[in-house]
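Asks: One structure follows; several queries about it will come next.
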Amino acid sequence: MPPARPAGDSGTVTEHYDVIIIGSGAGGGTLAHTLAGSGKSILLLERGDFLAREMDNWDPRPVFVDGKYISKDTWYDGDGKPFQPQVHYFVGGATKLYGAALYRLRPADFAEIKHVDGISPAWPLGYDDFEPWYSRAEHLYQVHGNGGEDPAEGHRSQPYPSPAVSHEPRIQQIHDDLAKGGYHPFHAPCGIMLNEADRPRSTCIRCTWCDGYPCLVHAKSDADVIAVRPLLERPNVTLVTGAEVTRLETDPSGRAVTGVVVSRDGEREVYTGDIVVVCAGAANSAKILLNSANDQHPQGLANGSGQVGRNYMFHNCKAVVALAKEPNDTVFQKTLGINDFYFPTKDYAYPMGNIQMIGKSNAEAMRGEKPKATMISPEWTLSDVARHAVDFWLTTEDLPKPENRVTTDADGNVHLAYEMTNDDEAFRLYGELRKILNHTGMAEHHVLRKNFYMDMDIPVAGCAHQAGTCRFGTDPATSVLDTNCKAHELDNLYVVDTSFFPSIGAVNPALTAMANALRVGEHLQERLA
Ligand SMILES: Cc1cc2nc3c(=O)[nH]c(=O)nc-3n(C[C@H](O)[C@H](O)[C@H](O)COP(=O)(O)OP(=O)(O)OC[C@H]3O[C@@H](n4cnc5c(N)ncnc54)[C@H](O)[C@@H]3O)c2cc1C
Ligand code: SF4
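Be aware that the sequence shown starts at 19, since it is given in the working numbering, and climbs by one per residue.
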């Protein structure tokens with residue numbers, strides 16, 4: 019499908035759309051998908067391009083060592099120090115690289131939760147409001163799972179559309195040992211197109227290059243493959259790639275967005291739409307709004323409350339490897355989850371979070387990190403460590419603090435000030451993992467911290483789970499969006515990505531962004547009817 023470009027002089031507007039969606043990731047791609055059937059004209063503006071299918075997709079060196087698929091952006095931390103954020107600008111957004119662990123938030127996550135460092139606020143809507151949309155999102159994104167196994171999960175109106183991805187022998191053994199020890203390990207929800215009953219016809223080949231890699235065979239349920247590509251032949255949907263939205267213009271009253279300003283191939287273009295939906299990811303959505311300040315919105319668009327950019331969250335995470343004498347030959351490792359510490363326990367009054375598996379360690383991706391394991395087994399090479407490692411990802415909720423925020427400077431660059439919260443909870447979760455692994459034969463002192471996704475020299479750069487810069491709520495003084503994710507201060511501006519989260523819970527955020535996009539999509543269809 020050829021990209022549209024307004025004809026005539028650069029910047030001349032020739033086409034008007036019913037809906038303009040900015041960003042094609044979990045939020046924007048899913049929203050476009052659900053609106054496409056309405057027949058309304060939809061323009062999807064994406065700053066990236068389609069991610070190339072190439073052998074590098076599945077090669078840890080270009081992916082993890084060279085950072086081939088990471089944006090070249092420079093952002094600045096709270097002290098003004100530049101860093102390269104781990105963001106991904108492609109059709110499908112961050113979902114092109116994500117691990118496709120598609121969890122629902124728990125019912126309790128929608129209510130106020132007391133944490134060691136403060137309060138995680140209640141959402142203006144509850145789990146019951148989101149439940150039907152979670153079910154629809156799970157069907158759209160072909161999530162594999164077994165309802166009822168996860169002790170922390172809420173009720174579901176529909177079963178998972180596909181059975182859980184089976185554990186490989188090493189992981190099954192860990193599962194069985196944990197269950198014998200009185201814990202409740204469960205099959206993690208996975209968005210991969212694996213048909214274990216019919217492997218010859220399965221799209222997914224069950225490989226080891228899933229978490230943090232693009233899927234070479236397009237078998238990962240990402241927003242590109244699932245949501246955007248199926249729309250490309252539709253006459254009412256136009257996708258323009260390489261189109262970076264730099265600013266939104268309003269009418270003199272400031273109540274309506276009248277122009278979406280785009281930089282494409284070094285040229286300025288302006289598009290117009292009845293409804294404009296910003297889905298650029300939490301930091302970039304805030305950036306667009308802040309950089310759109312005008313006389314009616316001097317602090318940035320929709321920012322009379324001063325909340326745009328604030329309350330940035332991205333989870334308090336740890337990557338951990340457990341080393342055992344026996345090798346771990348698991349290929350696809352992300353099949354197990356543990357939520358026994360998601361809520362307060364008898365020994366600790368605060369929630370600790372979620373434990374799940376991550377992609378299998380490999381020596382190439384670990385290059386450059388200090389092989390701490392040599393402290394235990396001096397004769398082990400990095401390859402030995404990678405072969406024996408069992409890899410866990412620990413997620414603790416971080417709190418929406420107003421001072422953790424995105425701002426922009428005079429040149430429009432992102433500045434991201436962030437201080438971690440709930441370190442004590444995260445530390446205790448790590449302690450619990452070490453304890454429970456005693457049941458699996460992996461001794462406590464063989465459980466090591468490592469980080470697989472990012473260079474932890476600049477923790478703030480690891481913004482994979484970024485959320486919360488335009489939270490939704492009922493009070494315009496304390497929130498940016500209303501419960502339909504429409505900006506309180508404008509009549510035709512919406513934000514539909516992880517920005518709307520008032521809190522982030524301790525599970526991965528993408529399914530909630532997808533479910534919310536389907537929810538808002540229905541609202542927009544009613545509005546446009
Ligand atoms: C390595 C990695 C692993 C992850 N694993 C998981 C997981 O297992 N489970 C899970 O739930 N989540 C996971 N996540 C997080 C998940 O991918 C995100 O939460 C989700 O994609 C966020 O959706 P979004 O719509 O807010 O942003 P995105 O999906 O990032 O989409 C934003 C889109 O906007 C585009 N854009 C940005 N600025 C502009 C602009 N100015 N103009 C036009 N377009 C713009 C971007 O190019 C992008 O396509 C992972 C993320 C990463 C990076
Ligand atoms: S496990 Fe399946 S979905 Fe994941 S990268 Fe491999 S083939 Fe793709």
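Where is the CB? At the ideal position from N, CA and C, for every residue including glycine.
Closest to Asp283 by C-alpha separation, out of Val294, Val263, Ala300, Val275, would be which residue?
Replies: Position 265 of the sequence shown, counted from the start, is the residue given in the question as residue 283. Considering only alpha carbons, the answer is Val263.
Asks: Give, in chain order, every unbroken run of the beta strand (DSSP E) that is at least 3 residues long and sits entirely within the region 113-186.
Replies: 131-133, 136-138
Asks: Measuring CA to CA, which of Ala206, Gln191, Gln190 is closest to Ala182?
Replies: Locating residue 182 in the sequence shown gives position 164, where the first residue counts as 1. Of the candidates Ala206, Gln191, Gln190, the one whose C-alpha sits nearest the C-alpha of Ala182 is Ala206.
Asks: Just to confirm the assignment: which complete beta strand (DSSP E) runs, minimum length 3, are found wholly within the region 304-390?
Replies: 334-341, 354-356, 372-375
Asks: Looking at C-alpha atoms only, which residue of Asn302, Val326, Lys305, Val408 is the closest neighbour of Val338?
Replies: Walking along the sequence shown from the start, residue 338 turns up at place 320. Per the Cα distances, Val408.
Asks: If you reduce the DSSP assignment to three classes, tell me which class Gly230 lands in.
Replies: Reading the sequence shown from its first residue, position 212 is the one you call residue 230. Coil, per DSSP.
Asks: Does the region 521-532 come into contact with the region 339-349, if we say contact requires no fewer than three beta-carbon pairs (one atom in each stretch) closer than 8 Å?
Replies: no
Asks: Does DSSP put Met474 in a helix, in a strand, or in coil?
Replies: On the sequence shown, position 456 is the one that residue 474 refers to. Only weak support exists for where Met474 lies, its pLDDT of 35 falling under 50; the coordinates are left without a value.
Asks: Ala274 to Asn510, Cα distance in whole Å?
Replies: The sequence position of residue 274 within the sequence shown is 256, counting from 1. The sequence position of residue 510 within the sequence shown is 492, counting from 1. Taking the straight line joining both Cα atoms gives about 6 Å.
Asks: Please check the pair Gly41 and Ala300, which I expect to be a contact at CB under 8 Å, by giving their CB distance rounded to whole angstroms.
Replies: Along the sequence shown, one-based indexing puts residue 41 at 23. Along the sequence shown, one-based indexing puts residue 300 at 282. Not a contact, Cβ separation roughly 11 Å.
Asks: Quick one: is Ala215 buried, meaning 16 or more other Cβ sit within 10 Å of its Cβ, or exposed?
Replies: On the sequence shown, position 197 is the one that residue 215 refers to. Result: exposed.
Asks: Quick check on DSSP: helix, strand or coil for Leu417?
Replies: Position 399 of the sequence shown, counted from the start, is the residue given in the question as residue 417. DSSP places Leu417 in coil when its eight states are reduced to three.
Asks: If you pair each beta-carbon of the region 156-170 with each one of the region 197-206, do three or more pairs fall below 8 Å?
Replies: yes
Asks: Where DSSP assigns a beta bridge to Glu267, which residues make up the other side?
Replies: Position 249 of the sequence shown holds residue 267. For Glu267, which the question treats as bridged, DSSP gives the partners Gly277.
Asks: Report the three-state DSSP secondary structure of Leu249 (helix, strand or coil).
Replies: As a working note, residue 249 is residue 231 in the sequence shown. If DSSP states are grouped into helix, strand and coil, Leu249 belongs with the helices.
Asks: Mind the definition here: the region 286-294 touches the region 419-428 only if three or more C-beta pairs lie below 8 Å; say whether that holds.
Replies: At 8 Å Cβ cutoff, the stretches do not touch.
Asks: Between the region 213-228 and the region 93-105, can you find at least three pairs of beta-carbon atoms closer than 8 Å?
Replies: no
Asks: Is His350 near ligand 2, in the sense that its beta carbon is under 7 Å from a heavy atom of that ligand?
Replies: One-based indexing of the sequence shown puts residue 350 at position 332. His is not the amino acid found at residue 350; the sequence shown has Phe there. Indeed, a heavy atom of ligand 2 lies less than 7 Å from the Cβ.
Asks: His541 to Tyr368, Cα distance in whole Å?
Replies: The residue labelled residue 541 in the question sits at position 523 within the sequence shown. The residue labelled residue 368 in the question sits at position 350 within the sequence shown. Looking at the two C-alpha atoms, the distance is approximately 36 Å.
Asks: Using 8 Å as the threshold, is the C-beta distance between Ser175 and His162 below it?
Replies: As a working mapping, residue 175 is identified with position 157 in the sequence shown. As a working mapping, residue 162 is identified with position 144 in the sequence shown. For the 8 Å CB-CB criterion, Ser175 and His162 do not form a contact.
Asks: Check Glu64 in the structure and name its three-state DSSP category.
Replies: The residue you call residue 64 lines up with position 46 of the sequence shown. In the structure shown, Glu64 falls within a coil segment according to DSSP collapsed to helix, strand and coil.
Asks: For His483, which option in Tyr178, Gly117, Trp76 has the closest C-alpha, if you only look at C-alpha atoms?
Replies: Stepping through the sequence shown from its first residue, residue 483 is reached at position 465. His483 has its Cα closest to that of Gly117, out of Tyr178, Gly117, Trp76.
Asks: Could you tell me whether the region 310-329 touches the region 60-77, using the rule of 3 or more Cβ pairs below 8 Å?
Replies: no
Asks: Which first and last residues belong to the alpha helix (DSSP H) in which Asp442 is found?
Replies: By one-based count along the sequence shown, residue 442 stands at place 424. Element bounds for Asp442: 441-454.
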